[in-house]
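Shown next, in structure tokens, is the structure this report addresses.
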Amino acid sequence: MAYSTEQLALYRRISLRVAPLALLLYLVAFLDRVNVSFAALTMNHDLGISETTYGLAAGVFFLGYMVLAIPSNYMIVKVGAPRWVALLMITWGIVGCATAFVHGAPAYITLRFLLGAAESGFLPGLVYYLTRWLPGKARAGILALLYLAIPLSSVIGSPISAALLRMNGMGGLHGWQWLFLLEAIPAIVLGCAVPWLLDDGPHTATWLSDEDKQMLRQSIEEEASVTLHATGSERAPMGLLALLAATYFMLMIGLYELGFWTPRLIASHGVSLRWLGWLNALPYAVGAVTLLPWCRWSDRIASRGGGRQWILAASFLSGCAGFVLTALAPSLPVLLVAISIAAFGVYVSMPVFWAGVSQRVSPAVVAFAIALINSIGNIGGFLGPYATGWLLDRTHSYAVGLTCTAAALFIGTVLVLLAFRKNTNASTLS
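Each residue of the sequence shown is one higher than the one before, counting from 943 in my numbering.
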């Protein structure tokens, strides 16, 4: 059933009120996660870090992430989003500052692990938090506003990170030390402010009327009853969860191939730090501009009874094609176009994926399901960067790693069609 005009107006108002703060918080989180891609341009030489070790350190983040994602998501349900998100942000901000003072690979790898542990409950917690504000068929739009933080973190962060690297020698610190210090401080500041900025949920939102809350609660409960009827249980089918986690695993390989290796790819074409930040921002700007329209289109189709699987499959295939072209790019302009195509495919896939997941899993277990899928899927965030670094050390070419990433997204396309197909025992997307 399509939403009424009053419902759509309410959902837009909620999205515009709730999503911007979530976007800002995640932007800070993602920047702290991937700023090593710029730091490595000079840090690797200063600390004697090989390409393989860089890939390991970039990926070990996700081992810490995997270990604590489920208990951390349990805590956000137990104590509420404002307090738990505040604690996580302050913790990872402190770890980020400490990274500026490492003297070798062992300490660097250890702090990357701790950063992953600190961030483990943040993204799945925010996804769960946002699912409490809207019914499933309207969620891709608000999740798109959240995931807009990923390309924006590079659009905004790339020129800033390049400029910070050029502070080399100021105050007796290397440029990469300034980068880690100054980009970690916003997490601590925002973490201290979050308890006063973030509503615990619709029930505590003073800017919603009682009628708004009743309309929202009714639409969410009606959809929940349909999902429960389709699944026949409040337990998530393990076969479905395995398919969803495997799909997300492939997507994470693509996401962090972009996040950890794109600046290195562009720099390999002889680009100086003065221009690297701006050129690195271009592909992510493409992802940012296309993200919201694509996800709103997905929501319109879902609200009319259509499935998201074909939209999601097309997104995965776009990412696959982009990485193939990146591996074959003969020049810098072609490389930037190819990375832009890859960025589009990867970034638009993420909110559509999570919107589909939230429709296929009973609300009673959605927090657990999100944390499990995110935790297992992010193993791809460990293996992808590590494998690329290992292959780069041995082949002295990015092409093999990029081709493997394209293959992962192609496999992900097949998994999408299996996990999100209609008329299964698990659930439906209609």
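The C-beta atom is built at its ideal place from N, Cα and C for all residues, glycine as well.
Using 8 angstroms as the threshold, is the C-beta distance between residue i and residue j below it?
| i | j | result |
| --- | --- | --- |
| Trp1296 | Val1037 | no |
| Leu1215 | Leu1107 | yes |
| Ile1012 | Ala1047 | no |
| Phe1265 | Leu1351 | yes |
| Met1192 | Ile1353 | yes |
| Gly1232 | Val1290 | Checking the sequence shown, residue 1232 turns out to be Thr, not Gly. Cβ atoms of Thr1232 and Val1290: closer than 8 angstroms. |
| Leu1088 | Ala961 | yes |
| Phe980 | Cys1039 | no |
| Gly1113 | Leu1056 | no |
| Arg1054 | Ala999 | yes |
| Leu1325 | Leu1185 | no |
| Thr1161 | Gln949 | First, the amino acid is wrong: residue 1161 is Ser here, not Thr. Yes; because the gap between Cβ atoms is below 8 angstroms, this pair is in contact. |
| Val1002 | Ile1051 | yes |
| Ile1321 | Met1008 | yes |
| Val1288 | Gly1181 | no |
| Gln1119 | Ala1042 | yes |
| Leu1393 | Ala1086 | Residue 1393 lies beyond the range of the chain shown here (943 to 1372); nothing can be said about it. |
| Leu1207 | Tyr1340 | yes |
With a CB to CB cut of under 6 angstroms and the five nearest residues on each side skipped, what residues in its chain are close to residue i?
| i | result |
| --- | --- |
| Tyr996 | Ala982, Asn986 and Gly1331 |
| Tyr953 | Leu1076 and Ala1080 |
| Ala1104 | Leu1215, Leu1218 and Gly1219 |
| Gly1174 | Per-residue confidence for Gly1174 stands at a pLDDT of 47, beneath the threshold of 50, marking its modelled position as unreliable; the derived number appears in the next sentence. Nothing listed; no residue qualifies. |
| Ala1348 | Cys1262, Phe1265 and Val1266 |
| Pro1376 | With the chain covering only 943 through 1372, there is no way to say anything about residue 1376. |
| Ala1187 | Ile1315, Ile1318 and Gly1319 |
| Leu1010 | Ala1059 and Ser1062 |
| Ser1014 | Ser1062 and Gly1063 |
| Ile1312 | Pro1066, Val1069 and Tyr1070 |
| Ala1280 | Gly1264, Leu1267, Thr1268 and Ala1271 |
| Tyr1190 | Ile1315 and Gly1319 |
| Glu1163 | none |
Near residue i, which residues of its chain fall below 8 angstroms by C-beta distance, leaving aside the five closest residues on each side in sequence?
| i | result |
| --- | --- |
| Thr1355 | Ala1255, Phe1258, Leu1259 and Cys1262 |
| Ser1282 | Leu1224, Pro1225, Val1228, Gly1229 and Gly1264 |
| His1116 | Thr984, Met985, Asp988 and Asn1110 |
| Asn1365 | Reliability of the predicted coordinates at Asn1365 is poor, the pLDDT of 44 falling under 50, and the value obtained from them is presented with this limitation in mind. Around Asn1365: no qualifying Cβ. |
| Thr1337 | none |
| Val1044 | Leu989, Tyr1050 and Leu1053 |
| Val1276 | Leu1267 |
| Arg1159 | Pro1144 |
| Ile1102 | Glu1125 and Gly1219 |
Pop quiz: residue i and residue j are said to be a contact at Cβ under 8 angstroms. What is the actual Cβ separation, rounded to whole angstroms?
| i | j | result |
| --- | --- | --- |
| Glu1165 | Pro1077 | 5 angstroms |
| Trp1026 | Gly1067 | 7 angstroms |
| Asp1154 | Ala1023 | Contact flag wrong, Cβ pair sits at about 20 angstroms. |
| Gly1323 | Phe1004 | 4 angstroms |
| Gly1083 | Arg959 | The pair is not a contact, with the Cβ atoms about 13 angstroms apart (cut-off 8 angstroms). |
| Asn977 | Gly1099 | 7 angstroms |
| Leu1072 | Ala951 | Contact flag wrong, Cβ pair sits at about 19 angstroms. |
| Leu1274 | His1211 | 4 angstroms |
Give me, in chain order, the residues of the same chain whose beta-carbon lies closer than 7 angstroms to that of residue i; leave out the 5 immediate sequence neighbours on both sides.
| i | result |
| --- | --- |
| Thr994 | Gly1331, Trp1332 and Asp1335 |
| Ser1300 | Thr1073, Gly1078, Arg1081 and Val1308 |
| Trp1236 | Val1290 |
| Pro1137 | Pro1024, Arg1025 and Ala1028 |
- Query: Is the number of C-beta pairs between the stretch 1020 to 1031 and the stretch 1061 to 1075 that are closer than 8 angstroms three or more?
  - Reply: yes
- Query: At a cut of 8 angstroms, does the stretch 1221 to 1239 reach the stretch 1085 to 1097 through at least three beta carbon pairs?
  - Reply: yes
- Task: Could you tell me whether the stretch 1115 to 1133 touches the stretch 963 to 971, using the rule of 3 or more Cβ pairs below 8 angstroms?
- Result: yes
- Message: Quick check: the stretch 1147 to 1154 against the stretch 1264 to 1280, are at least 3 beta-carbon pairs closer than 8 angstroms?
- Response: no
- Message: So, does the stretch 1006 to 1021 touch the stretch 1334 to 1349, judging by three or more C-beta pairs under 8 angstroms?
- Response: no
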